[in-house]
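There are 2 protein chains.
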Amino acid sequence: MTTRRIPDATVDRLPVYLRVLLDLAAGGQTTVSSEQLAELAGVNAAKVRKDLSHLGSYGTRGVGYEVDYLRFEITSRLGLSHESAVAIVGIGNLGRALANHAGFRDRGFPVTALFDVDDAKVGTEVDGHVIRHLDTVGDPELGPISIGVLTTPPAVAQEVANRLVAAGVTAILNFAPIVIAVPDHVTVRKVDLTLELQVLSYHQQRNEADAAGDTPPMAG
Amino acid sequence: MTTRRIPDATVDRLPVYLRVLLDLAAGGQTTVSSEQLAELAGVNAAKVRKDLSHLGSYGTRGVGYEVDYLRFEITSRLGLSHESAVAIVGIGNLGRALANHAGFRDRGFPVTALFDVDDAKVGTEVDGHVIRHLDTVGDPELGPISIGVLTTPPAVAQEVANRLVAAGVTAILNFAPIVIAVPDHVTVRKVDLTLELQVLSYHQQRNEADAAGDTPPMAG
DNA sequence: TAGATTGTTAATCGATTAACAATC
DNA sequence: TAGATTGTTAATCGATTAACAATC
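Same order as they appear, the protein sequences are chains C and G.
Anchor point for the first sequence: position 3 equals 3 in the working numbering, and the numbering is continuous, going up by one each time.
So the mapping is simple: the working numbering equals the position in the second sequence, first residue as 1, plus 220.
Structure (structure tokens):
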């Protein structure tokens, strides 16, 4: 069963469509046009149709897309038909907040393990989960870990990533502000909060420069 | 003083280069080649040179780039020469963690205000900051807010964004899993944690499919 | 001068968009 | 049949990359 490759830009948008479809389904809507889906997802209709065409032809001309069918299809292609266990490593402010984050469990990503190396933290509980020492990360009795969430200080992030990979983790969400290297079969996504603020800063500065007449809007 | 437009993809990488340069400077290194910068930033050297060329010609052929000079230049172009006050709206798990996040203040983004609408929270303190009612968001005595961080439930995110914009905020970092609409002069970046996990799930599934022989690596 | 490395060019690639024939 | 809307094509745009002349 060969599944065609989906472009990266499309993969990044499928979760957005999926969330919109869940909302629509909750509201009782059974059909949606590319126009409406685009509006709710904050993109244009051509992009929606192009994106969905990579999944196959699941719309009906003159009618639109069946909400439930499309939901099912996106869920399946994203690999969300089964739950994925999440382990959080580094239980500081952010790690603790994520451990408490109900949204993960609700979306099929139950947090099943918390790790740290601080003996003062190991053994204590967060949201019903005991914090374990990172040395036990490979322990089979914890069950398989599908995704590792890295919320350690940057100085140890690479070392921790190595240990996660050694324990069989093939997907990492990295919050540490450092680029980590992993083998080809491991996927990393990064969330860099300072980067986000800095990019906002850039655009803010540009807008101000434009407003100040650097690129006069209509004045002549 | 006209500053040339920098491509979006480049703007997204400049903060990464900046972080690497700070590390190099801390280590006492005064010069860096595109090759080394690329290695540390996790990209290739051609991209580094192309990106930096948008800032102007700040390298020296045969030598490389002066670390301090490049740092200064990127800092300036990103608008990081002055601090930007951050307000966090929605003090739940995540908002509280971000309020405690020292990395923001250290990078020039001091958190100066916390807002919520829950009377049980209003008046209490987090990391030395009193939580205020969102109704006071425009209050001049709080000082200007440069960036608003949205950590509210999705159902109220649009409404809260409207109030931030009305209070003069022109940059928003949105953690609520919903697309928010804002006027043209306002910039929004989103951080969608569930989306990140779902995209990881997709790649994980693809890698497994490939490993299972869907795309045989070398077997014939 | 010889070696190193930038800055720029040009080719390539992937993503976006508009337009419209196909078709419900 | 008439109206609506998809799925696909083709044009355009922006990003990436390799290659190399310029030059320190």
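Backbone N, C-alpha and C define an ideal beta-carbon position, used for all residues, glycine too.
Subject >> is_contact[C:N162, chain G] using C-beta, thresh 8 Å >> reply: Here residue 162 of chain C refers to the residue found at position 162 of the first sequence. Output row for C:N162: interface = no.
Original post:
Can you give the beta carbon distance from C:L173 to C:R189, rounded, assuming they're within the 8 Å contact cut?
Top reply: Mapped onto the first sequence, residue 173 of chain C falls at position 173. Mapped onto the first sequence, residue 189 of chain C falls at position 189. Indeed, because the Cβ distance is near 5 Å, the residues count as touching under 8 Å.
Subject >> Closer than 8 Å to chain C by CB, G:T407 >> reply: One-based indexing of the second sequence puts residue 407 of chain G at position 187. Proximity of G:T407 to chain C, defined by a Cβ-Cβ separation below 8 Å, is satisfied.
Original post:
chain C beta carbons: is any one of them nearer than 8 Å to that of G:Q425?
Top reply: By 1-based counting over the second sequence, the position of residue 425 of chain G is 205. Output row for G:Q425: interface = yes.
**OP:** Please check if any C-beta of chain G sits within less than 8 Å of the C-beta of C:G220.
**Re:** Looking up residue 220 of chain C in the first sequence gives position 220. Interpretation of C:G220 is limited by its pLDDT of 25, a score under 50 that renders its predicted location unreliable; the figure taken from the coordinates is listed afterwards. Residue contact with chain G for C:G220: absent (no Cβ-Cβ distance below 8 Å to any residue of chain G).
Original post:
What does C:E73 reach in chain G if we use C-beta pairs closer than 9 Å?
Top reply: Start at 1 with the first residue of the first sequence, and residue 73 of chain C comes out as number 73. At a beta-carbon threshold of 9 Å, none of the residues of chain G lie near C:E73; the nearest stands roughly 13 Å away.
Subject >> Cβ shell of C:L142 (< 6 Å), same chain only, five flanking positions each side left out >> reply: On the first sequence, position 142 is the one that residue 142 of chain C refers to. Around C:L142, the same chain offers A113 as residues with beta carbons nearer than 6 Å, after the five sequence neighbours per side are excluded.
**OP:** Check the DSSP bridge columns for C:V149 and list the partner residues they point to.
**Re:** Mapped onto the first sequence, residue 149 of chain C falls at position 149. Looking at the DSSP assignment, C:V149 forms a beta bridge with C:I88 and C:L173.
Subject >> Pair within 8 Å by beta-carbon distance, C:T151 and C:I88 >> reply: As a first step, residue 151 of chain C is located in the first sequence; it is residue number 151 there, counting from the start. As a first step, residue 88 of chain C is located in the first sequence; it is residue number 88 there, counting from the start. For C:T151 and C:I88, yes; Cβs fall inside 8 Å.
Original post:
Leaving out the 5 sequence neighbours to the left and right, which residues in its chain are closer than 7 Å to G:D326 when beta-carbon positions are compared?
Top reply: Here the question's residue 326 of chain G lines up with position 106 in the second sequence. Correct list: empty, nothing qualifies.
**OP:** Give a yes or no on whether 8 Å exceeds the smallest Cβ distance from G:Q418 to chain C.
**Re:** Locating residue 418 of chain G in the second sequence gives position 198, counting from the first residue. Answer yes: the Cβ-Cβ gap between G:Q418 and chain C drops below 8 Å somewhere.
**OP:** Leaving aside the five residues before and after G:F324 along the sequence, list all residues of the same chain whose C-beta is less than 8 Å from its C-beta, in chain order.
**Re:** Position 104 of the second sequence holds residue 324 of chain G. Closer than 8 Å at Cβ, skipping near neighbours: V306, L318, P330 and V331.
Subject >> C-alpha distance - G:G284 paired with G:A245, whole-angstrom precision >> reply: The residue labelled residue 284 of chain G in the question sits at position 64 within the second sequence. The residue labelled residue 245 of chain G in the question sits at position 25 within the second sequence. G:G284 and G:A245: Cα-Cα distance of roughly 15 Å.
Original post:
Can you list, in chain order, the residues of the segment 293 to 327 of chain G whose Cβ is nearer than 8 Å to any Cβ on chain C?
Top reply: Hits within the stretch, in order: R297, L298, G299, L300, S304, V306, N313, L314, R316, A317, L318, N320, H321, G323, F324 and R327.
Original post:
Secondary structure at G:T344, three-state DSSP: helix, strand or coil?
Top reply: On the second sequence, position 124 is the one that residue 344 of chain G refers to. Here DSSP, grouped into helix, strand and coil, assigns G:T344 to coil.
Original post:
How many Å lie between C:V67 and C:F175 at the Cα?
Top reply: By one-based count along the first sequence, residue 67 of chain C stands at place 67. By one-based count along the first sequence, residue 175 of chain C stands at place 175. Put simply, the backbone Cα of C:V67 is about 34 Å away from that of C:F175.
**OP:** Please compile the residues from chain G whose C-beta is within a distance smaller than 7 Å of the C-beta of C:T170.
**Re:** Taking the first residue of the first sequence as 1, we reach residue 170 of chain C at position 170. Around C:T170, the beta-carbon contacts reaching into chain G at under 7 Å are Q424 and N427.
**OP:** Assign C:F72 to one of three DSSP states: helix, strand, or coil.
**Re:** In the first sequence, counting from the first residue as 1, residue 72 of chain C sits at position 72. Helix.
Original post:
Is the segment 418 to 434 of chain G close to the segment 35 to 43 of chain C, with three or more CB pairs under 8 Å?
Top reply: At 8 Å Cβ cutoff, the stretches do not touch.
Subject >> Start-to-end residues for the beta strand (DSSP E) that takes in C:F104 >> reply: Taking the first residue of the first sequence as position 1, residue 104 of chain C is located at position 104. In this chain, C:F104 is not harboured by any beta strand (DSSP E); it is covered by the alpha helix (DSSP H) spanning A102 to D106.
**OP:** Determine the extent of the alpha helix (DSSP H) in which G:E416 is found, giving its start and end residues.
**Re:** Counting from 1 along the second sequence, the entry for residue 416 of chain G is found at position 196. For G:E416, the uninterrupted alpha helix (DSSP H) segment begins and ends at L413 to A429.
Subject >> is_contact[G:R224, chain C] using C-beta, thresh 8 Å >> reply: Against the second sequence, residue 224 of chain G aligns to sequence position 4. No - not a single Cβ of chain C is within 8 Å of the one on G:R224.
Original post:
Would G:S421 count as contacting chain C if we go by Cβ distances under 8 Å?
Top reply: Position 201 of the second sequence, counted from the start, is the residue given in the question as residue 421 of chain G. Interface annotation, G:S421: in contact with chain C, CB-CB separation under 8 Å.
**OP:** Can you grab the Cα-Cα spacing for the pair G:D271 / G:D412, in whole Å?
**Re:** Residue mapping note: residue 271 of chain G aligns to position 51 of the second sequence, counting from 1. Residue mapping note: residue 412 of chain G aligns to position 192 of the second sequence, counting from 1. Answer to the nearest angstrom: the Cα atoms are 27 Å apart.
Subject >> Partners in chain C for G:A261, counting only beta-carbon separations shorter than 9 Å >> reply: Taking the first residue of the second sequence as 1, we reach residue 261 of chain G at position 41. Neighbours of G:A261 across chain C, judged by C-beta separation under 9 Å: V179.
Original post:
Taking the continuous alpha helix (DSSP H) assigned at G:V268, which residues delimit it?
Top reply: Position 48 of the second sequence, counting from 1, holds the residue named residue 268 of chain G. Here the alpha helix (DSSP H) through G:V268 covers A265 to S273.
**OP:** Measuring alpha carbon to alpha carbon, tell me which of G:L242, G:H274, G:G248 and G:G279 ends up nearest G:E255.
**Re:** Counting from one through the second sequence, the residue named residue 255 of chain G turns up at place 35. For G:E255, the nearest C-alpha among the options comes from G:G279.
**OP:** Could you check if G:E428 is buried or exposed, using at least 16 other CB atoms within 10 Å of its CB as the buried criterion?
**Re:** Working through the second sequence from its first residue, we reach residue 428 of chain G at position 208. Label assigned to G:E428: exposed.
Subject >> Proximity test, Cβ basis, 8 Å: C:L173 and chain G >> reply: Position 173 of the first sequence, counted from the first residue, corresponds to residue 173 of chain C. So yes, C:L173 belongs to the interface.
Original post:
So what's G:E286 in DSSP terms, helix, strand or just coil?
Top reply: The residue given as residue 286 of chain G occupies position 66 in the second sequence. Strand at G:E286.
**OP:** Check whether the Cβ atoms of C:H54 and C:R19 sit closer than 8 Å, and answer yes or no.
**Re:** Along the first sequence, read from residue 1 onward, the residue named residue 54 of chain C stands at position 54. Along the first sequence, read from residue 1 onward, the residue named residue 19 of chain C stands at position 19. With a cutoff of 8 Å on beta-carbon distance, C:H54 and C:R19 are scored as not near each other.
**OP:** Measure the CB-CB distance between C:V16 and G:L417 and report whether it falls below 8 Å.
**Re:** The residue you call residue 16 of chain C lines up with position 16 of the first sequence. The residue you call residue 417 of chain G lines up with position 197 of the second sequence. Contact annotation: C:V16 and G:L417 have beta-carbon atoms that are not nearer than 8 Å.
**OP:** Starting from the beta carbon of C:F109, find every residue of chain G whose beta carbon is closer than 7 Å, and list them in chain order.
**Re:** Position 109 of the first sequence, counted from the start, is the residue given in the question as residue 109 of chain C. The CB of C:F109 comes closer than 7 Å to the CB of L417 in chain G, given here in chain order.
Original post:
Hey, how far is the Cα of G:N313 from the Cα of G:S277?
Top reply: Here the question's residue 313 of chain G lines up with position 93 in the second sequence. Here the question's residue 277 of chain G lines up with position 57 in the second sequence. G:N313 and G:S277 have their C-alpha atoms spaced approximately 45 Å apart.
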